[in-house]
Amino acid sequence: MRRALWSVPVGAFAWSRARAEEASEGTPQPPQKPGIYKSAGFDPTAIEKVAELLRGNSRAKMAQKRAELIAQQAEEKAKAARYRAAANDLSKEARSEMRQQDATTRNQRRREEEVRSRYRAQLAAEREAAARRLDEALKDGEEGRRIEHEKRLEDVKRETAEFEAKLRRETDAKYLEAKATYTARAQRQLQDLRLNVLRERGIAARDAALEALRTSLESVGAGVRALLGDQRRALSLAAVVAGLTLGVSTARHTARIVGNFVEARIKKPTLVRETSRGYALASSGVVPAVVSRAASRLSPRPDDGAFSEAVLAGAAFRPDLEQTLLSFAEGAANTRKHAAPFRHALLHGPPGTGKTMFAKRLATNAGMDYAILSGGDVLPLGRDAVTEIHKLFDWAKNSPRGLLLLVDEADAFCRARSSKMSEDARNALNAFLYRTGTPSRDVIVIFATNAPQLFDPAILDRVDDVIRFDNPEQDERVKILQLGLQEFAAEEQDLEVPSSFARRAYARLFGSPEKRVVLEKISPDDILAAARKTEGFSAREVSKLAIAWRAAAVSASPTRPVLSGDLMTSVTDTQIDTTRQKQFWYRTHAQQQQYKSL
């Protein structure tokens, strides 16, 4: 590089010398301007030549530098091109790696989302289980709080009632005191006026009474004098007065005796809600015994072979309960046949298990009359309850066929005697115990109750047989549902419209509206499934399910009612939910009553 730099001025000096030689050899030169130093006698030519040489050297350096810069720029451009190519390659590789990374990230996110979904589902299941446990705990706690709240409400009501009664007594006392003060003041003010008025009225009344008495005595005296003067007329008058007195007294006593007789033998007592004594004269004892026996024979009574089927027809009981009921029914029928004393019975169990129905069937098929008494009807009678109980047993005793007296809801009347019992209730219970104290050949008493533990010990002492009615099992529920379907089911041809007007009119007048539903695709398995769902239901609740089936079929298609399997399942589920809700209400009410009794 240093050699190159020294070569540039040497070349320039040679070029300048060659030009000078050419000028000296006669080469024409351009006119020169007078130098600025001419007047001073100084020649600047040599200096100018040196400057010219320096300028030429600078231009050569600049050209060389320009060439170097151009070469350097070309090299830089080549490097930039190589860099851009390398950058493009790196960008492509980066994009490929980014795509791979994105795919890996998406797969990782999907796996993480699946894990989170499973974890969320697990958490949801745990939350539901915890919520159910919390709901159960809250229900238990709410039930306790509700009972405690009701207790507090009862206490507040009692305190409020006591405060109101106290306030009412104080108000009434103040009112009566003010009223007495005002009345006394008014009476004192009007006392003189009243005394004057009474005095004047007394004087006037005394004068009128004296005048009337004087006139009456004069008339009576004249009549007595005339009667004493005629002895025959006096005897006739005495006989007429004696006859009238005797006739009036006899008629009064006769009417009273006849009324009591008719009321005791014919008129249904007030306490009886339902009875089978339809032929009053034939079963009252008014007509001769021959007519009564004839009326008894005319009543339907199955023979000994069909007695069991007649007593339990249309019912479904467990085999052991059925055997117990048949034994009791046959014993009651044979007791009546041999004129032996009856044995009283206690039928207990949940509501709707067939206690009342069995008592009716027993009385009807044993050739006896029956009467149903509700225990809740006795206490509202108050003081008249004792009289009505005696009338009831007098009326029952006069039945020539014998009478089965069913005391339904007996726990409302036959509760154990205590200090909290009213005097009227105690007297009514004592009267009932008096009439059932000795064995009877005319009346058999059957108690039906849901709470036999509340009975008075004296009532339990009069009970000879105790029979428990439980809710039906699965086989019995199936039988009840089958009986319910048989009551309203019909074949397809039974629903055909009669062709003529007379047939249609006859069908409308005498047709059976109960058997109007066609069973469509209903198998014994459907009935068995419905019976399984009704676990814990009473016989009445199961029979209501069959009634609900018929109602749903009729409401869905009144012209041609059809009961299908789907409709049966839907109605069954709805009816079961309703019955479960009612059972919950029953249990809640029983708990409240038990809590109040404590």
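Under this note's numbering, the first residue of the sequence shown is numbered 171, with each subsequent residue one higher. Every residue gets a Cβ at the ideal spot worked out from N, C-alpha and C, and that includes glycine.
Burial state of residue i, where buried means 16 or more other Cβ atoms lie within 10 Å
i: R750; result: exposed
i: L482; result: buried
i: V667; result: In this prediction, V667 has a pLDDT of 45, which is less than 50 and means its spatial position is unreliable; nothing more can be read from the coordinates.
i: H508; result: exposed
i: L360; result: exposed
i: G181; result: With a pLDDT of 46 at G181, under the threshold of 50, the predicted position of this residue should be treated as unreliable, and no value is reported.
i: V636; result: exposed
i: F625; result: buried
i: Q278; result: exposed
i: P627; result: exposed
i: V556; result: buried
i: T424; result: exposed
i: Y352; result: exposed
i: S446; result: buried
i: K321; result: exposed
i: V741; result: buried
i: E705; result: exposed
i: M738; result: buried
i: I559; result: buried
i: W755; result: exposed
i: A300; result: exposed
i: L516; result: buried
i: A659; result: buried
i: S454; result: The pLDDT assigned to S454 is 44, lower than 50, so where the model puts this residue is not dependable; a value taken from the coordinates is nonetheless given after this. Classification for S454: buried.
i: L495; result: buried
i: K235; result: exposed
Check whether residue i and residue j have beta carbons under 9 Å apart
i: K525; j: D581; result: no
i: A718; j: G522; result: no
i: G688; j: R730; result: Before going on, a small fix: residue 688 reads as Val here, not Gly. Yes. Within cutoff.
i: G735; j: K691; result: yes
i: L715; j: Q745; result: yes
i: R632; j: V615; result: yes
i: V613; j: L574; result: yes
i: G546; j: F583; result: yes
i: I697; j: L655; result: yes
i: I650; j: A503; result: no
i: F512; j: G417; result: no
i: A541; j: V442; result: yes
i: L653; j: S693; result: no
i: L576; j: L543; result: yes
i: V518; j: T606; result: Sequence check: residue 518 is His here, not Val. In this structure, T606 does not lie closer than 9 Å to H518 by Cβ.
i: Q623; j: I317; result: no
Sheet register partners of residue i (DSSP bridge)
i: L574; result: Y540 and I614
i: A515; result: I616 and D635
i: E444; result: I542
i: R276; result: Looking at the DSSP assignment, R276 forms no beta bridge with any residue, so it has no partner.
i: A659; result: V687
i: F625; result: R585
i: L733; result: L689
Closest Cα partner of residue i within the set the options
i: P550; options: E313, V633 and T440; result: T440
i: R611; options: L630, A586, E593 and P570; result: P570
i: F563; options: A379, K438, R297 and A241; result: K438
i: A586; options: A541, A621, R422 and G311; result: A621
i: E711; options: P520, D554 and E246; result: P520
i: M527; options: L308, K344, A618 and L304; result: A618
i: A510; options: V390, R297 and T608; result: T608
i: E479; options: H514, D490 and L532; result: L532
Any non-hydrogen atom of the ligand ZN within 8 Å of residue i CB
i: A392; result: The ligand ZN is not part of this structure, which contains no ligands at all.
Using 8 Å as the Cβ pair cut-off and three pairs as the minimum, do the stretch 596-603 and the stretch 640-657 touch? no
Contact between the stretch 528-537 and the stretch 499-507 (3+ Cβ pairs under 8 Å): yes
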